Every structure is written in C-alpha cells, then in structure tokens.
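Final position of the sequence shown in the working numbering is 244; the numbers increase by one with none missing.
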Amino acid sequence: MDLVHHLLLAEQLRRALGWPESVRGQMLLGALVSDAHTAAPALDRTCLHPSSDEDVVAYVTAKLTPPGALEEFPGRAFAVSAIGHLVADARTRPRPYQLPETEPTGLVPVQQTASAPGGRSVEVAALRHALRSVAPLYTLEPVTPEVLGVKREEVLLRPALRDGVGLYAPVDALAQVLDEVVADTLARLRSSQAGAALLRGTTCG
Numbered sequence: 040m041d042l043v044h045h046l047l048l049a050e051q052l053r054r055a056l057g058w059p060e061s062v063r064g065q066m067l068l069g070a071l072v073s074d075a076h077t078a079a080p081a082l083d084r085t086c087l088h089p090s091s092d093e094d095v096v097a098y099v100t101a102k103l104t105p106p107g108a109l110e111e112f113p114g115r116a117f118a119v120s121a122i123g124h125l126v127a128d129a130r131t132r133p134r135p136y137q138l139p140e141t142e143p144t145g146l147v148p149v150q151q152t153a154s155a156p157g158g159r160s161v162e163v164a165a166l167r168h169a170l171r172s173v174a175p176l177y178t179l180e181p182v183t184p185e186v187l188g189v190k191r192e193e194v195l196l197r198p199a200l201r202d203g204v205g206l207y208a209p210v211d212a213l214a215q216v217l218d219e220v221v222a223d224t225l226a227r228l229r230s231s232q233a234g235a236a237l238l239r240g241t242t243c244g
C-alpha cells in the first residue's frame, strides 16, 4: 500500500473504534513509522517489519517507545495504527490491488453533501493538518522521533496530501482492501490479551 493509503487506513481504524479526533495525529504517525526506515540510511526494512510467522501485536508493543507509552491513550492509538500498517502489508504484498489509471492516487473527490459508501469519505485537508501539526511523541525502535518527523515531511509532499482540498473517497479497489485490513486488524487485536489492552480507553489521560 502507498503511505497515503496507510493514512486512510489509520483514519478508518480510528472511526471503527469510535476514538476521538484528538488521537488522529498520533495514529497518522503510527501509520508511517514502519516505513520510516527509508529516511535513515543506516536502517532497512527488516528493522521494522516482522517475519511472516511473528505476532504483529507483540512485535509492535515490544518495539514501542518511550517507556510508559502503553499507559497513555495516544501511545496505544499510535501502536494500533502501526499494527494496522503491518497487517496491511501482509495482506497486500501477496495480493496487490489494481487502481484505475484514471485515479492513480486511489482517491476521488465527492460532493460535500454526498456520502461515500460505508462512510469512507475523508477530508484530506484535515488529515494534512493533523499530520503536519502533531509532535512525534512515540516511535518503534530503532526509528527515532527525528527520523519519523523527516518521513512525515516527505509524505506531506505527496500529491494527494499536497494538493487535495475538500472531501475524497477511496475508489472501490482501495476501499475493499481498507475494509478487509480494518476487520483483520481489529480481529487480531481482540484475540489477544495484549491487543485488547491496546483498545482500552476512549479519552486522553
């Protein structure tokens, strides 16, 4: 999945959990952290992607930093989003989805008064603002907050985020994948004690 699509996944996870917009920024950073190795020459993909037989929930919670992050609602939200990214990678690498040539970003504008199927519409400007203004408080070792911040700046320059104004919805091929990944991520979280602990709480503090 493209990193912009991972941002859409983070937003869809947040909505599915009924979590407030106050954790949107941290969830957007969580959606980027597993690919932040590309912003650090000394790191590679193996630093932040588990093997196919590893439990992604345990993998993320073991790498989450700083200490005490799991005791903070924004830290748990960050971790949930990072888990979603890894689940998406596992589902889409063996089965790539095809986006139409007319919509290479996977997003189409919709009228403000229209409703996209499944409530999937998103205000791109709101995502851009949340991502730009959030401080990198959490990360997955060995990525530092500074490296994650560099990756954030790179993603903000991508066309869908740089140019998008108004309400957008994912095209059908992408929307289907997002639905599948959200369902898979939530199932994995709810099936383990560690995952269920990440889902506790609905407010900061």
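Ideal Cβ positions, reconstructed from N, Cα and C, are used throughout, including at glycine.
Owing to the predicted nature of the structure, the values given are computational and were not obtained by experimental measurement.
C-beta atoms of residue i and residue j nearer than 9 angstroms
i, j, result
"residue 53", "residue 120", "yes"
"residue 87", "residue 170", "no"
"residue 177", "residue 104", "yes"
"residue 144", "residue 79", "no"
Presumed contact (8 angstroms Cβ cut-off) between residue i and residue j, rounded CB distance
i, j, result
"residue 198", "residue 47", "About 14 angstroms separates the two Cβ atoms, so there is no contact after all."
"residue 71", "residue 191", "6 angstroms"
Same chain only: Cβ atoms within 7 angstroms of residue i, ignoring 5 sequence neighbours per side
i, result
"residue 220", "48, 123, 126, 127, 130"
"residue 138", "145, 210, 212, 213"
"residue 231", "96"
"residue 225", "55"
DSSP-derived helix/strand/coil call for residue i
i, result
"residue 62", "helix"
"residue 208", "strand"
"residue 162", "strand"
"residue 147", "strand"
"residue 243", "Legend: pLDDT at residue 243 = 40, less than 50; position of this residue unreliable, value from coordinates given subsequently. Note: residue 243 maps to coil in three-state DSSP."
"residue 178", "strand"
"residue 228", "helix"
"residue 183", "coil"
Own chain residues within Cβ distance below 6 angstroms of residue i, not counting five before or after
i, result
"residue 189", "78"
"residue 51", "217, 221"
"residue 45", "70, 124"
Residues of its chain near residue i, where Cβ-Cβ distance is below 8 angstroms and the 5 sequence neighbours each way are ignored
i, result
"residue 229", "235, 238"
"residue 73", "87, 88, 121, 124, 125, 128, 179"
is_contact[residue i, chain B] using C-beta, thresh 9 angstroms
i, result
"residue 144", "Annotation note: the requested chain B is absent from the structure, which comprises a single protein chain."
Exercise. Do three or more CB pairs link the stretch 109–116 to the stretch 59–77 at distances below 8 angstroms?
Worked result: yes
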